[in-house]
């Protein structure tokens, strides 16, 4: 090897060592580009199952290995589904106070607030089957329990009224099946489906039933959501109160007894915008509101 080749080799070796020294002092082993002052830490580990779990005061049979494994799955899925879980925590600040009040008034266990999370992630969404709102109510069920569903108005999107309707359904199912756990399962699968499966399978509890994939996971998902949202810091989610979304409670209720031809004009007269009118009144579907003789609506106008 001539002197020029030896010189090039020494330069290359020096450069390599310099890079190695720089990276070894700046990054933990196996974590390239890690910035301890800025990066969000993540610890991935199993969830402790060696304790009691319940839904609505009804215990899960944790001595059953099948129950343990099914719960374990939902706890892990929801624990490490970061963006969705964090948004659920933020939305809980907006909706849980109202939901808790309605559940208490109806005599329904507070754990059912987690059913709204499982159904809609606390959003006014539409399912492929046509169920709508926080509680994912079908149109026939909505009308059966006093909600208006039309081209201009859909009270499945009315937070309080939809919650009251969901409470009626849940109480009806609890009376029929005898447990809140089975009532929640029936809410997901439908009364008739659960009734038929109980009779066919000769099952005594939800945990004895062999159901479709969604309903078979449903109660375990509710328990997992309950565990995480009630003690988020134990699962690695840290929020201050100011991080939560504020409740929609700062409004003035305006009684409407005549048809509104243009809700944009109505909003301007009330000192707000069409957009904010829809935010506070998502049950208003159209740009107008037809009011029949003797009928009355309450529209919320943000202060």
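In our numbering, the protein residues as written are 11 to 313. Glycine included, each C-beta is placed from N, C-alpha and C at the ideal position.
On the CB-based measure, 16 or more other CB atoms within 10 Å of its CB, does residue 159 come out buried or exposed?
Looking at its Cβ environment, which holds 16 or more other Cβ atoms inside 10 Å, residue 159 is buried.
For residue 285, count neighbouring Cβ atoms within 10 angstroms of its own Cβ and tell me buried if that reaches 16, exposed if not.
Flag for residue 285 reads exposed.
Kindly indicate which three-state DSSP category residue 44 falls into: helix, strand or coil?
At residue 44, the pLDDT of 45 sits below 50, so the modelled position is not reliable and the matter cannot be decided from this model.
Which residue spans inside the stretch 142-187 form an unbroken alpha helix (DSSP H) run of at least 4?
Within the stretch 142-187, the complete alpha helix (DSSP H) runs of at least 4 residues are 149-154 and 169-187.
Output needed for residue 217: all residues of its chain with C-beta closer than 7 Å, excluding positions within five of it in sequence on either side, in chain order.
The answer, listed in chain order, is 71, 74 and 77.
I'd like to know if the stretch 266-282 and the stretch 239-254 are in contact, where contact means that at least 3 CB-CB pairs between them fall below 8 Å.
No: fewer than three Cβ pairs fall under 8 Å.
Kindly indicate which residue of 135, 195, 189 and 200 has the alpha-carbon position closest to the one of residue 172.
For residue 172, the nearest C-alpha among the options comes from 135.
Suppose the cutoff is 7 Å on Cβ atoms and the five residues either side in sequence are ignored; what does the same chain contact list for residue 107 look like?
Excluding positions up to five away in sequence, the list reads 257.
Per DSSP, what are the beta-bridge partners of residue 311 in this structure?
In the DSSP output, where bridge partners are listed per residue, residue 311 has 262.
Kindly list the residues whose CB is nearer than 8 Å to the CB of residue 255, restricted to its own chain and excluding five residues on each side of it in sequence; keep chain order.
Taken in chain order, the residues that qualify are 100, 101, 103 and 104.
Nearest-angstrom Cα distance between residue 250 and residue 243?
Answer to the nearest angstrom: the Cα atoms are 11 Å apart.
Can the beta-carbon of residue 121 be found less than 8 Å from the beta-carbon of residue 187?
Their beta carbons are not under 8 Å apart, which means residue 121 does not touch residue 187 by this criterion.
What residues in its chain sit with their C-beta under 6 Å from that of residue 245, if we drop five residues either side in the sequence?
Around residue 245: 89 and 238.
Compare the C-alpha of residue 93 against each of 287, 247 and 293 and name the closest.
Minimum Cα distance to residue 93 is reached at 247.
Kindly indicate which three-state DSSP category residue 68 falls into: helix, strand or coil?
DSSP places residue 68 in strand when its eight states are reduced to three.
In three-state terms, what does DSSP make of residue 299?
Looking at residue 299 - three-state DSSP - the assignment turns out to be strand.
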